[in-house]
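Under this note's numbering, the first residue of the sequence shown carries the number 88, and numbering increases by one thereafter. Contents: one structure, followed by commentary.
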Amino acid sequence: MSKLLILTLLLGQDPLNLDTQPEEVPTPGVEAGPTPTAEEAAVAEGPSAAANPEEPAEEENSDAATEEEAPEEAPPGDSFWDAGAIGYMKDGGAFMWPILIMGIVASGVIIERYRSLKMLRTDSSRFRNDIQGLLTDDRVEDALRLCNDGQGPVPAIMGAGLRKFLLLRRLGYDTAKIEEQVVKAMDDYSVHVVAALERHLPALATVSSAAPMLGFLGTVAGMIEAFAEIQVAKTDIVSAAAAGIEVSLLTTCFGLIIGLPAFIAFNYFTGVINGFVLEVEESATELIETVTLQMALENKE
Numbered sequence: 088m089s090k091l092l093i094l095t096l097l098l099g100q101d102p103l104n105l106d107t108q109p110e111e112v113p114t115p116g117v118e119a120g121p122t123p124t125a126e127e128a129a130v131a132e133g134p135s136a137a138a139n140p141e142e143p144a145e146e147e148n149s150d151a152a153t154e155e156e157a158p159e160e161a162p163p164g165d166s167f168w169d170a171g172a173i174g175y176m177k178d179g180g181a182f183m184w185p186i187l188i189m190g191i192v193a194s195g196v197i198i199e200r201y202r203s204l205k206m207l208r209t210d211s212s213r214f215r216n217d218i219q220g221l222l223t224d225d226r227v228e229d230a231l232r233l234c235n236d237g238q239g240p241v242p243a244i245m246g247a248g249l250r251k252f253l254l255l256r257r258l259g260y261d262t263a264k265i266e267e268q269v270v271k272a273m274d275d276y277s278v279h280v281v282a283a284l285e286r287h288l289p290a291l292a293t294v295s296s297a298a299p300m301l302g303f304l305g306t307v308a309g310m311i312e313a314f315a316e317i318q319v320a321k322t323d324i325v326s327a328a329a330a331g332i333e334v335s336l337l338t339t340c341f342g343l344i345i346g347l348p349a350f351i352a353f354n355y356f357t358g359v360i361n362g363f364v365l366e367v368e369e370s371a372t373e374l375i376e377t378v379t380l381q382m383a384l385e386n387k388e
């Protein structure tokens, strides 16, 4: 035991404290400072900890900047009015709207005339044969009734002639006078028949000629504006001229789109009406011949 105490005194250690850790030996050349407390450690870690809350804020700012830089989508209404045929109408200028009105008028006339003339198409040859058979049998009243029940220009013209013939024969006029008055009655009534057939066709003819001319006028006005823009634009002359010329040519294109169908429809309806007029003239001639022959037979008897 005495030896143990002596050894302890020599080494400077407590033999009874076996769990005591050895003192740290300071590294040569490095001064050992005081141990930092928890508050000092928090202060030391402050800049790095404060940097973390700023990162979400920077991300929010970047997202907001991206949203601002994104192009705004045009409202659906604006895209509808600026696209397609309506967009061309707006780009063409003021001359496009009168041409559009002419197109609407021409469409109405085409539909109306087509339906009307189609209803008047009947078998006139069979009708004329029936009238001649009745006149040969001296059944003038039955022939007149058949004309009144018929539809089209041929029954109307023949009805006017038979009505005059029946009236003058009852009044006792001579053959020459009756023939003259019958021809005059059919000629006078044919004017009204042709006028009814050609109704609204002058409007169609006007559209067929005025729409392209109005389109050319819009093109000239657009070219004047294009050259005015060329004088203002000193650098990009080609772009300024191309934009103005493109817009000005829209009126010419639209005028031709309206004028050509109107011109074709006018010629078609004119041909159909000329066919009706030819049938009317042939029917009137046959009626005069039949009436003259019938009166000659009556006088002979």
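Built from N, CA and C at the ideal position, the CB exists for glycine as well.
- Proximity of the region 211-226 to the region 294-302 falls short of the contact definition, fewer than three beta-carbon pairs being nearer than 8 Å.
- For residue 352 and residue 204, the gap between their C-alpha atoms comes out near 13 Å.
- Per DSSP, the continuous alpha helix (DSSP H) segment holding residue 254 begins and ends at 240-258.
- Here the region 267-280 makes no contact with the region 297-316; the two share fewer than three CB pairs at distances below 8 Å.
- Annotation for residue 298: the continuous alpha helix (DSSP H) segment containing it runs 288-319.
- Shown here, residue 195 sits in a helix according to DSSP, grouped into three states.
- Between residue 350 and the set 182, 246, 289, the nearest pair of CA atoms involves 289.
- DSSP, reduced to helix, strand and coil, places residue 207 outside both helices and strands of the structure shown, so it counts as coil.
- Excluding the 5 residues flanking it on each side, residue 268 has same chain C-beta neighbours closer than 6 Å at 251, 255, in chain order.
- In the structure shown, residue 263 adopts helical secondary structure according to DSSP, grouped into three states.
- Contact between residue 207 and residue 378 is absent: CB atoms are separated by about 25 Å, not below the 8 Å threshold.
- In this structure, residue 284 places its C-beta atom within 8 Å of the C-beta atom of residue 360.
- Contact annotation: the region 233-252 touches the region 369-378, with at least three C-beta pairs closer than 8 Å.
- Here residue 342 is near residue 186, since their CB atoms are less than 8 Å apart.
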